[in-house]
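As structure tokens, the structure follows; a few thoughts come after it.
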Amino acid sequence: MNHNTSFQQQLLQQLHQPGGSNPGGVGATGAGNNSPSYPEASLMGSKFWQKQMQLAQLSRQTGPTSHGYARAAAINSRQQHGRDGAQVDADKDQGPSQLTLVDLAVQTVQQDLVEQQQATAASTPQRGYTNQQKKDQLEEERQMTLMQQEKHQYWADLDMSGQGLMCLSPPLFRSYEFLLKLYINHNKLTTLPPAIRSLRQLRVLDVSSNMLTKLPPEIGMLHNLRYLFAFDNYLSTLPHQVGQLYQLEVIGLEGNPINQPIKEKLAQGGTKELVAELRESAPMPAAPKPREWIVLEEAGGRGGAATAAAATEGESGSTVATATAGANAAAAGASASSDTFTVMSYNTLCDKYTTVQMHGYTPLWALGWKHRSETLLKEVIGYDSDILCFQEVDGASFEDFWSPKLHQLGYAGLYHPKTRARTMSKEKDAKRVDGCAIFYKTKSFCLIEKLSLDFSSLALKNNDFKKTADTYNRVLNKDNIALIALLEHVTTGQKIIVTNTHLHWDPAFNDVKLIQVALLLDEVEKFAERVAKDSNRVSARNQDGNNVKYESGKKLPLVICGDFNSTTDSGVYSLFSQGTVTNHKDMSGRAYGKFTDEGMNHGFTLKSAYSNIGELAFTNYTPNFVDVIDYVWYSSNALSVRGLLGGIDPDYTSNMVGFPSVHYPSDHISLLAEFSFKKQKGGDGQPKKALDFGNSGSHSGSRKT
């Protein structure tokens, strides 16, 4: 029998059970005085409103029962497994199963999907949609979530329906953040507390047949919500924050005195279009407070760059002072000394990744490249950094936007796309591939040499890297890259190696990220040793002998920026900060020859610039992930940190599902650090007599591409 037909017959049978034929029979609880709304003639032909009526009718018929969802689950479980838990013979008639509102809503969504696929099947051949694929996505997600939680919860649904509840205590929400389904329908609730925002894992919320006159704005923070049932209340409108519920499949509003524009939008386009309308018409959110400029005086360093009202002890013996700054925070905190420079690292979010599926909580106009590029450029200009390290820059935006815009501001740039760009036959497609870019101010730095790295090629050529199944299946098929620039500081003659990289994203491949960093550091070490040996090598602009010699490559100033997709407890962080990694959990069960047998190490003295303040609260802010994965690493034996750009206003993020937003154009935030050179043997690295080099951006010296 056709699955859909069987389902519909079950629904009709259940609705005609005693008590089920009265659409207004909502019981003595909740909106007992409500009458079902009889739609205007203009709505009667809408398939979306017909589904609203069908769902509302089932809600009224099944809802008044105390703990109705829990009872239905128990009945269905007994039919499947029997009272003693044994499997029941499928051929024997066990009676009708108990259909719930969630069951019907899920089936409705699946039917819509089938219709969409059938409508496009003629022009786009594709696999058929089988019953095997029609699994309850909510249950699959529940199992996945339970397995991933550190504190395992063996239940994730809470049914408090039909209890006559008049209010809910906020601790309920703060104590049960793991909930996936919450049923509080058929009660006497007049409000939902703002604390409901804590239930960010929630997939189903049923508040039908209560006395709600409004939904709280905080409901917009429930970004995982798929089904929101609010039948038979007193709602006349919806908060615009419902527009942030980009994964919402069904919203139930029948039986409410809802205003006509909302009702018509729901009837004409369904839940998805209603959510989109609320998102696009939302008022502009209040601007965040400016990020603070944090002034540091490292122990043994050269001293702070600005005076602050208060100072506190930070990590590693640093003195930390905070000064509020505006868009030009870096410039405000910078020292007048000419031996300092600033470095920005920024994953700018490649335009092709800004999809509604990924970032549906952001208005389309704010997600578009026009708005984002303008906001990005404004931010870059405001912070006025000497060196810029960008990740997720595609070839087209590098050539058509960043290079010309920044050239006007006195920058020169380098670019290297991910490996797959060189496998594409069409130039247009190749330019859509993202990569890494480095820009530097030509008045402050000269380029001596550049080096482009492809991690898969490095792994293939490395003799210490055993060619195992893990190598071929996990490492060689990744196209991540790095870009290295050897720069010369115009004023001091100091050389500095600037490296920019973007590691693989998937947390299931933490071993690959660690391998990529090991390969990167190995190449940087070899590059640095070669530079140190060729100590007389200077840029064409340096003709006055303003040169600094280095005893070894490890003495060279080094900055490594990037999106490392690795948290502070990762093997990547350990390798950078500790100089060695052996037997890390990220490498458990993997085989990469000497890399796993003997561990990985490097000879640099590296430190995260932001470790001086204990790292930021986050560098990547998305609905399901908020953590630090971007870093600015520096050689602490050659450089001192003078200042850092602080984090994002927490009052602003408390109302944001994720970035990008109207004010923040990427899902990452920019990092900005001010450095000063430490004294080197064989040359003090201090400013010499400045020469007028003009505005020439030409460079000489060997280049390796």
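Residue 518 in UniProt numbering sits at position 518 of the sequence shown, with consecutive numbering throughout. Cβ coordinates follow ideal geometry from the N, Cα and C atoms, glycine included. On a predicted model such as this, the values are computed, not experimentally measured, just so you know.
Item, Value
"Give every residue of the same chain whose Cβ lies closer than 6 Å to the Cβ of Gly-395, excluding the five residues on either side of it in the sequence, and list them in chain order.", "Pro-417, Lys-431"
"Should Thr-423 be labelled buried (16 or more other beta-carbon atoms within 10 Å of its own) or exposed?", "exposed"
"My assumption, with CB atoms under 8 Å, is that Ser-397 sits in contact with Asp-351. Please give the rounded CB distance.", "7 Å"
"Where are the beta strand (DSSP E) runs, 3 residues long or more, that stay fully inside the stretch 472-517, in chain order?", "481-489, 495-502"
"Would you kindly work out how many angstroms separate the C-alpha atoms of Leu-225 and His-668, rounded to a whole number?", "24 Å"
"Tell whether a beta-carbon distance below 8 Å holds between Gln-52 and Gly-269.", "no"
"Per DSSP, Glu-674 forms a beta bridge with which residues?", "Thr-342, Gly-643"
"Which whole runs of the alpha helix (DSSP H) in the stretch 572-656 are 4 residues long or more, in chain order?", "594-597, 650-653"
"Take every Cβ of the stretch 513-521, pair it with every Cβ of the stretch 600-607, and state whether three or more of those distances are shorter than 8 Å.", "yes"
"Go through its chain and collect everything with a Cβ distance to Pro-194's Cβ below 7 Å, but skip five positions before and after it.", "Pro-216, Glu-218"
"Is Arg-291 buried or exposed, if buried means 16 or more other CB atoms sit within 10 Å of its CB?", "buried"
"Pairs of beta-carbons, one from the stretch 240-260 and one from the stretch 269-286, closer than 8 Å: are there three or more?", "yes"
"If you check the beta carbons only, do Tyr-227 and Arg-203 fall under 8 Å apart?", "yes"
"Go to Ser-208, then tell me how far its beta strand (DSSP E) extends in each direction, as first and last residue.", "Counting along the chain, Ser-208 falls outside any beta strand (DSSP E), and DSSP gives it neither H nor E."
"Spatial neighbours of Cys-561 within its chain, please: C-beta separation below 6 Å, excluding the five flanking residues on both sides.", "Ser-345, Cys-389, Asn-500, Val-632"
"Nearest to Pro-650 by CA position, among Leu-639, Ala-617, Val-662, is which residue?", "Ala-617"
"Pick out the complete beta strand (DSSP E) segments inside the stretch 360-423, 3 residues or longer, and give them in chain order.", "387-394, 411-417"
"To the nearest angstrom, report how far apart Ser-209 and Ile-184 are at their CA atoms.", "9 Å"
"List the residues that DSSP assigns as beta-bridge partners of Cys-561.", "Asn-500, Val-632"
"Measuring alpha carbon to alpha carbon, tell me which of Leu-376, Ala-70, Thr-62 ends up nearest Phe-231.", "Thr-62"
"Quick check on the burial criterion: 16 or more other C-beta atoms within 10 angstroms. Buried or exposed for Pro-507?", "exposed"
"Considering Cα atoms alone, identify which of Gly-579, Ala-437, Gly-368, Ala-286 is closest to Asn-347.", "Ala-437"
"Pair every Cβ in the stretch 475-492 with every Cβ in the stretch 445-453, then say whether three or more of these pairs are closer than 8 Å.", "yes"
"Run through DSSP, which three-state label would Gly-220 get?", "helix"
"If you follow the beta strand (DSSP E) that Leu-453 is part of, which residue opens it and which one closes it?", "445-454"
"Taking the beta strand (DSSP E) that Val-275 falls in, what are its first and last residues?", "No beta strand (DSSP E) contains Val-275, which is instead part of the alpha helix (DSSP H) from 260-280."
"Exposed or buried, Asp-159, counting other C-beta atoms within 10 Å across all chains shown (16 or more means buried)?", "buried"
"Tell me whether Ser-21 sits in a helix, a strand or coil according to DSSP, three-state version.", "Residue placement at Ser-21 is flagged as unreliable, the pLDDT there being 37, under the threshold of 50; a coordinate-derived value is accordingly withheld."
"Could you tell me which whole beta strand (DSSP E) segments of length 3 or greater appear in the UniProt repeat \"LRR 2\" (178-199)?", "181-183"
"Any idea what DSSP makes of Val-433, helix, strand or coil?", "coil"
"Comparing alpha-carbon positions, which option in Asn-565, Tyr-69, Leu-248, His-489 lies nearest Phe-509?", "Asn-565"
"Using only the alpha-carbon positions, how far apart do Lys-513 and Gln-578 sit?", "16 Å"
"For Ile-381 and Tyr-440, what's the separation of their Cα atoms in angstroms?", "13 Å"
"By DSSP, does Val-295 sit in helix, in strand, or in coil?", "strand"
"Output the boundary residues of the beta strand (DSSP E) element that contains Leu-228.", "227-229"
"State the start and end residues of the unbroken beta strand (DSSP E) segment that holds Leu-349.", "Taken as a continuous stretch (DSSP letters only), Leu-349 belongs to no beta strand (DSSP E), as it is neither H nor E."
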